[in-house]
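Worksheet for the structure shown next.
Number of protein chains: 2
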Amino acid sequence: MSRVAVTGVGMTRFGKSNDSLKTLLLKASRQALIDAGRPKVDAIIVGNFMGGPLAQQEILGSILVTELGLGHIPSMKTEGACASGGIAFRQAYQLLKAGAYKTVLVVGGEKMTHIQTNHVISAVNHAMDNSSMESKTGLTFPGYFGVVANRYMYEYGATKSHLAMVAFKNRNYARQNPLSQFQAATSLEEILSARMITDPLGLFDCSPISDGAAAVVVQNVAREGVEVIASGQASGTPIMQEVDDLTRIPATEEAAKQAYSQAAMEPNDVDVLELHDCFSMTEIIAIEELGFFERGTGFEAVEKGLTNHGGDIPVNTSGGLLSKGHPIGATGIAQIVQIVEQLRGTAPNQVEHARVGMAQNLGGTGAYSLVHLFKKEGA
Amino acid sequence: MSRVAVTGVGMTRFGKSNDSLKTLLLKASRQALIDAGRPKVDAIIVGNFMGGPLAQQEILGSILVTELGLGHIPSMKTEGACASGGIAFRQAYQLLKAGAYKTVLVVGGEKMTHIQTNHVISAVNHAMDNSSMESKTGLTFPGYFGVVANRYMYEYGATKSHLAMVAFKNRNYARQNPLSQFQAATSLEEILSARMITDPLGLFDCSPISDGAAAVVVQNVAREGVEVIASGQASGTPIMQEVDDLTRIPATEEAAKQAYSQAAMEPNDVDVLELHDCFSMTEIIAIEELGFFERGTGFEAVEKGLTNHGGDIPVNTSGGLLSKGHPIGATGIAQIVQIVEQLRGTAPNQVEHARVGMAQNLGGTGAYSLVHLFKKEGA
Chain C
1 MSRVAVTGVG
11 MTRFGKSNDS
21 LKTLLLKASR
31 QALIDAGRPK
41 VDAIIVGNFM
51 GGPLAQQEIL
61 GSILVTELGL
71 GHIPSMKTEG
81 ACASGGIAFR
91 QAYQLLKAGA
101 YKTVLVVGGE
111 KMTHIQTNHV
121 ISAVNHAMDN
131 SSMESKTGLT
141 FPGYFGVVAN
151 RYMYEYGATK
161 SHLAMVAFKN
171 RNYARQNPLS
181 QFQAATSLEE
191 ILSARMITDP
201 LGLFDCSPIS
211 DGAAAVVVQN
221 VAREGVEVIA
231 SGQASGTPIM
241 QEVDDLTRIP
251 ATEEAAKQAY
261 SQAAMEPNDV
271 DVLELHDCFS
281 MTEIIAIEEL
291 GFFERGTGFE
301 AVEKGLTNHG
311 GDIPVNTSGG
321 LLSKGHPIGA
331 TGIAQIVQIV
341 EQLRGTAPNQ
351 VEHARVGMAQ
361 NLGGTGAYSL
371 VHLFKKEGA
Chain A
1 MSRVAVTGVG
11 MTRFGKSNDS
21 LKTLLLKASR
31 QALIDAGRPK
41 VDAIIVGNFM
51 GGPLAQQEIL
61 GSILVTELGL
71 GHIPSMKTEG
81 ACASGGIAFR
91 QAYQLLKAGA
101 YKTVLVVGGE
111 KMTHIQTNHV
121 ISAVNHAMDN
131 SSMESKTGLT
141 FPGYFGVVAN
151 RYMYEYGATK
161 SHLAMVAFKN
171 RNYARQNPLS
181 QFQAATSLEE
191 ILSARMITDP
201 LGLFDCSPIS
211 DGAAAVVVQN
221 VAREGVEVIA
231 SGQASGTPIM
241 QEVDDLTRIP
251 ATEEAAKQAY
261 SQAAMEPNDV
271 DVLELHDCFS
281 MTEIIAIEEL
291 GFFERGTGFE
301 AVEKGLTNHG
311 GDIPVNTSGG
321 LLSKGHPIGA
331 TGIAQIVQIV
341 EQLRGTAPNQ
351 VEHARVGMAQ
361 NLGGTGAYSL
371 VHLFKKEGA
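Structural data, given as structure tokens:
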């Protein structure tokens with residue numbers, strides 16, 4: 001089994017862009033290839049969710065192969081809703097680990113802001129099981145996670161203020177990240193009094209509609225680079241009525257268990273964490289499922305500042321989905337870009353002495369979860 | 001490196017179905033799992049192209065994991081237009097070869113007949129590069145391959161009769177396949193006088209709009225099963241204006257080269273072939289690119305009956321895309337189902353003494369091509 005490392009990263013600014021999906025993917029890809037020293041690429045894997053309905057564009061793999069002038073190398077797209085990027089990265093990792101390729105370009109992207117919001121919401125809902133009654137009666141993602149937040153607050157005594165603290169932290173990080181979608185200062189008061197989306201989730205508790213792309217070059221031939229030391233992936237039910245406990249996302253717990261086991265590590269070994277905060281509530285659940293805090297205590301950890309820079313485990317120093325933005329197919333790769341930058345020592349909101357980083361990417365309401373662990377070069 | 005074999009196959013009837021995409025995928029999956037003796041499954045890979053725009057359904061991997069009661073095993077969808085199924089199979093093969101999993105369920109499907117034809121055509125066109133001028137001016141897939149057919153006839157002296165011979169052969173095979181979409185007898189005269197789609201391609205020269213699913217169980221732990229002995233994949237330009245020679249599909253030649261090299265075989269070693277006859281013209285080009293006949297002579301081979309049962313290389317004994325049907329994501333897997341049945345000795349239009357089989361799956365106008373080789377158990 002080979003040593004697999006990320007040797008190049010690239011990312012467009014997230015937010016509203018005039019670029020097409022193809023152009024966004026190309027920009028991030030070219031940056032990553034230059035950053036990696038322009039290696040010979042053996043395959044391209046693209047993470048994307050809604051290229052068909054929103055951009056009228058599939059076959060993204062072969063479009064990139066052609067446009068980048070890479071001859072006839074194999075390529076494909078992977079889809080797992082908001083985990084499409086993480087899934088693409090995992091395929092590259094597994095195939096490189098096995099020696100099937102030497103260098104893989106992994107790129108994720110989405111183009112969302114050019115379409116009417118109701119069409120975007122319809123397309124995002126393709127990430128539910130549409131044969132289920134809840135989907136037919138109009139459940140949306142904010143609707144789902146609003147219910148989750150109400151249940152969590154009821155079970156454990158958290159309040160809307162705890163949700164706001166997550167959004168506030170991530171916005172403050174995003175202000176230092178030149179590629180993030182939202183860079184304006186805010187306050188807990190503004191967050192708490194913002195327009196309600198689905199009670200108790202207000203505007204700042206929900207990740208935005210975004211354009212953007214992110215790319216990484218992954219290799220098994222380089223001695224340098226940020227090493228990938230574990231890859232966990234699990235599935236879970238996409239149907240609300242089948243969920244045993246709404247305050248839990250078992251696929252995340254399972255993916256983390258796999259990753260810790262592969263790396264022979266535990267939460268305490270992780271120095272910096274990017275996780276899937278599609279909603280503020282989801283961040284609190286994720287820090288529990290990933291083993292950083294006991295079940296039902298994540299909100300207290302947030303209140304104590306333990307997920308801040310300087311705390312036990314700095315979370316979403318990129319700004320997270322909430323404020324960096326959430327161009328869906330890009331998200332899983334963008335998280336890895338931030339972790340790689342952290343372990344290189346060049347990240348926005350750099351965590352000092354960061355040696356081990358984790359990226360966790362969620363798809364659907366809990367349909368997919370991926371956990372990857374990374375180690376600083378030479379660490 | 002492990003021995004990888006197909007140990008179970010399943011397939012719904014192709015054509016117009018009242019089942020949802022989810023139900024079609026489940027039916028084929030359950031058949032394949034039963035056929036394989038209900039092994040413990042480690043991962044699911046789904047090939048699908050238009051689940052979003054046509055069925056409003058993505059996250060097919062996790063839906064199947066949940067519905068089949070497989071706990072939290074990893075899953076995903078792969079997309080490469082009409083090669084989505086072949087790409088899904090290749091991922092399973094590569095990961096099993098490397099020992100990453102022991103048993104993978106690969107299932108492909110599409111639901112197309114419930115939607116107005118113009119919407120289907122729009123969605124199929126997501127398999128072109130929509131930033132290109134040709135796409136903006138209204139090029140469709142029948143339009144593309146109509147131009148190809150005209151050029152081929154001009155260059156090599158083929159006629160519409162040669163195209164009709166391909167369609168006639170495949171219909172005759174489909175009549176023996178209980179799962180095929182079209183089972184009515186036809187004649188060369190009927191084919192030649194049928195409604196024109198894009199000159200010179202008439203109705204019988206074009207694959208239909210279909211619903212359906214196909215599944216295979218692939219394992220690296222079984223001593224039995226039909227062995228997968230090679231997997232080739234290549235990309236090509238999706239833009240007509242960038243194609244050097246319209247009578248060629250270089251990705252197919254390259255994928256075949258890889259497969260022959262891996263298996264240390266040549267065309268002469270192959271006893272039975274399923275290839276991607278999205279149009280009758282495409283079959284003639286494919287038998288040339290795969291090395292069975294010299295460039296520009298495929299149409300003569302068809303005329304001589306060399307691609308018939310009993311000829312040098314029986315092609316599309318399932319009925320092919322033209323008459324078995326073409327539910328896009330299912331096609332790459334359905335081809336493999338037919339080859340496995342041929343090598344088991346249980347296929348419709350069984351080829352006697354078939355030892356080695358090939359399946360070739362195309363995506364877009366030449367954006368992706370995959371070639372897999374299979375060997376009879378014990379051969």
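So the sequence lines, in the order shown, correspond to chains C and A. My numbering applies: residue 1 is where the first sequence begins, and numbers increase by one. My numbering applies: residue 1 is where the second sequence begins, and numbers increase by one. Ideal placement from N, C-alpha and C gives every residue a C-beta, glycine not left out. Since the structure is predicted, the reported quantities are computational estimates derived from the model, not experimental observations.
Residue i, buried or exposed, once every other Cβ within 10 Å from all chains shown has been counted against 16
| i | result |
| --- | --- |
| D199 of chain C | exposed |
| R223 of chain A | exposed |
| A184 of chain C | exposed |
| E294 of chain C | exposed |
| D211 of chain A | buried |
| A259 of chain A | buried |
| Q342 of chain A | buried |
| V154 of chain C | Reading the sequence as shown, one finds Tyr at residue 154 of chain C and not Val. It counts as exposed. |
| D244 of chain A | exposed |
| R13 of chain C | buried |
| I34 of chain C | exposed |
| E58 of chain A | buried |
| R90 of chain C | buried |
| S261 of chain C | exposed |
Supposed contact pair residue j and residue i - C-beta distance, whole angstroms, cut 8 angstroms
| i | j | result |
| --- | --- | --- |
| E254 of chain A | H372 of chain C | Not really, about 32 angstroms apart at Cβ, beyond 8 angstroms. |
| L139 of chain A | M50 of chain A | About 18 angstroms; that fails the 8 angstroms criterion. |
| M128 of chain A | L54 of chain A | In fact, because the Cβ distance is near 17 angstroms, the residues do not count as touching under 8 angstroms. |
| G85 of chain C | G47 of chain C | 4 angstroms |
| G332 of chain C | G236 of chain C | No, G332 of chain C and G236 of chain C are not in contact; Cβ-Cβ is about 16 angstroms, not under 8 angstroms. |
| I45 of chain A | A100 of chain A | That belief does not hold up - the Cβ atoms of I45 of chain A and A100 of chain A are roughly 12 angstroms apart, past 8 angstroms. |
| V351 of chain C | H309 of chain C | 7 angstroms |
| I328 of chain A | E110 of chain A | 4 angstroms |
| A251 of chain C | A230 of chain C | With 8 angstroms as the limit, A251 of chain C and A230 of chain C do not qualify as a contact, their Cβ atoms being about 16 angstroms apart. |
Pair within 8 angstroms by beta-carbon distance, residue i and residue j
| i | j | result |
| --- | --- | --- |
| L24 of chain A | A213 of chain A | yes |
| E289 of chain A | I339 of chain A | no |
| A5 of chain A | E283 of chain A | no |
| A379 of chain C | R344 of chain C | no |
| A83 of chain A | S323 of chain A | no |
| G8 of chain A | V216 of chain A | yes |
| Y173 of chain A | S318 of chain A | yes |
| L64 of chain C | V124 of chain C | no |
| G80 of chain C | G363 of chain C | yes |
| H162 of chain C | V302 of chain C | yes |
| H126 of chain C | G52 of chain A | yes |
| K445 of chain C | M1 of chain C | Here chain C has residues from 1 to 379 only, and residue 445 of chain C is not among them. |
| N431 of chain C | R3 of chain C | Look at the range of chain C in this structure, 1 to 379, and you will see that residue 431 of chain C is not part of it. |
| Q94 of chain A | L275 of chain C | no |
| D277 of chain A | N170 of chain A | yes |
| A164 of chain A | L201 of chain A | no |
| I197 of chain C | F168 of chain C | no |
| G291 of chain A | A347 of chain A | no |
| S62 of chain C | P238 of chain A | yes |
Residue i versus the options, residue with shortest Cα-Cα distance
| i | options | result |
| --- | --- | --- |
| A43 of chain A | A:Q56, A:G52 and A:T66 | A:T66 |
| G146 of chain A | A:C206, A:S318, A:R38 and A:G319 | A:C206 |
| E242 of chain A | C:G69, C:D312 and C:F14 | C:G69 |
| T247 of chain C | C:G202, C:G298 and C:Q94 | C:G298 |
| K16 of chain A | A:F182, A:T78, A:K102 and A:S75 | A:F182 |
| V41 of chain A | A:L26, A:D35, A:L105 and A:L95 | A:L105 |
| E377 of chain A | A:G225, A:I229 and A:T307 | A:G225 |
| V218 of chain A | A:A36, A:R30, A:K22 and A:N18 | A:A36 |
| Q56 of chain C | C:F292, C:G320 and C:L21 | C:L21 |
| G305 of chain C | C:V166, C:G61, C:A347 and C:K257 | C:V166 |
Under 7 angstroms (Cβ pairs) to chain A, residues found in the region 69–102 of chain C:
So the list reads H72, I73, P74, S75, M76, K77, T78, E79, G80, A81, I87, Q91, Q94, L95, A98 and A100, given in the order they occur along the chain.
Give, in chain order, every residue of the region 48–69 of chain C whose Cβ lies closer than 7 angstroms to some Cβ of chain A.
Residues of the region 48–69 of chain C with a Cβ closer than 7 angstroms to any Cβ of chain A, in chain order: F49, M50, G52, P53, Q56, Q57, E58, I59, G61, S62, I63, V65 and T66.
May I ask you to list, following chain order, the residues of the region 228–247 of chain C that have a beta carbon less than 8 angstroms from some beta carbon of chain A?
So the close ones are Q233, A234, S235, G236, T237, P238, I239 and E242.
Using a Cβ-Cβ cut-off of less than 8 angstroms, give me the residues of the region 128–151 of chain A that come near chain C, in sequence order.
Listed by position, the residues of the region 128–151 of chain A near chain C (Cβ gap below 8 angstroms) are M128, D129, N130 and S131.
Give the residues from the region 365–377 of chain C that approach chain A closer than 8 angstroms (Cβ to any Cβ), ordered along the chain.
Contact annotation: in the region 365–377 of chain C, residues whose CB is within less than 8 angstroms of a CB in chain A are A367 and Y368.
Which of the residues in the region 336–363 of chain C, read from start to end, lie with their CB under 8 angstroms from any CB of chain A?
Under the 8 angstroms Cβ criterion, the region 336–363 of chain C contributes G363.
Interface positions of the region 16–29 of chain A facing chain C (Cβ-Cβ less than 7 angstroms), listed along the chain:
If the cut-off is 7 angstroms between Cβ atoms, the region 16–29 of chain A has S20 and K22 near chain C.
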